[in-house]
Every structure is written in structure tokens, then in C-alpha cells.
Amino acid sequence: MKFTLGKKERLKSKKLIEQLYAEGKSIKVFPFRMVFLQVQHTSDFPFQVGFSVPKRNFKLAVSRNRIKRLMRETYRLQKNIVYDKVDKPYVFMISYIGREEMSYQELYFKTKKLLELFIEKTKK
Numbered sequence: 143m144k145f146t147l148g149k150k151e152r153l154k155s156k157k158l159i160e161q162l163y164a165e166g167k168s169i170k171v172f173p174f175r176m177v178f179l180q181v182q183h184t185s186d187f188p189f190q191v192g193f194s195v196p197k198r199n200f201k202l203a204v205s206r207n208r209i210k211r212l213m214r215e216t217y218r219l220q221k222n223i224v225y226d227k228v229d230k231p232y233v234f235m236i237s238y239i240g241r242e243e244m245s246y247q248e249l250y251f252k253t254k255k256l257l258e259l260f261i262e263k264t265k266k
């Protein structure tokens, strides 16, 4: 498996995002909250993912962008966990709900826990 996160794997559709927040289920592993929904989408990849950091918690765009960049990187390196275990197409949005920046190592560990919890929830 290639460790890339291309344009087709990113959640861009406004309709899908609205549907995701209206009908999706959520799980939390601090400082992340994942809203996910099992739905057919047009992408070749089984998962489409989006990342968000609220302006309310981080006023400076530089801080928000840095956190999103770290979130994308930790997901990119660990997405094979989900690809190996889940076979239905999903869309999900990962939001950063913490109020302070965390180190890359902490975010990596928390992302792994979040993805494992996601797998547990989808198996039930």
C-alpha cells in the first residue's frame, strides 16, 4: 500500500459533508472527534477523510494549518490500519477539539487509538 493522501481521498463534497454531520455517528479520543458515515461515494478509494480545526480554539491561521498538517500526516502514515480491516466505503471528518497544540508523537499515538476505535465501532 502506498502511503499517500491524494486529492481523491480527501473529503471535498459539500453535500457529503452536510450529510455526514446530519446522519453520521461520532467517536472521541481526546483531542480528536471523528464523525463517520457509511455511504457510497464517487471516489476510487474506500475512504474519504476531511480534517478541521476550529477557529474558536485557535485564532491564528498559522496554528490551525499546522495542526491540520500534523493530523493529515499522522493519518497518512496509519491509514493502512483501517484499509486492512474495513471493507465498506466510509466518509469521515476528524476534528481537533483540544485547546492547546500537542506534539507530533502524541498526535500519532492518539490517531492510532482513534482509528482502532473506529474499526471496533464499524464491526458492531
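Numbering (our numbering), first residue to last: 143 to 266.
Ideal placement from N, C-alpha and C gives every residue a C-beta, glycine not left out.
Closest in alpha carbon position to residue 264, among 217, 179, 191 and 251, is 179.
Contact annotation: the stretch 227 to 245 touches the stretch 190 to 198, with at least three C-beta pairs closer than 8 Å. With a contact defined as Cβ atoms closer than 8 Å, residue 208 and residue 147 miss out at about 17 Å. Between residue 223 and residue 202, the gap from beta carbon to beta carbon reaches 8 Å or more. Between residue 205 and residue 243, the C-beta gap is smaller than 8 Å, which places the two residues in contact. Assignment of beta strand (DSSP E) within the stretch 172 to 246, counting only whole runs of 3 or more residues, yields 174 to 180, 189 to 194 and 232 to 238 in chain order.
Going by C-alpha positions, residue 171 is about 7 Å away from residue 252. Partner residues in the beta bridge of residue 169, as assigned by DSSP, are 176.
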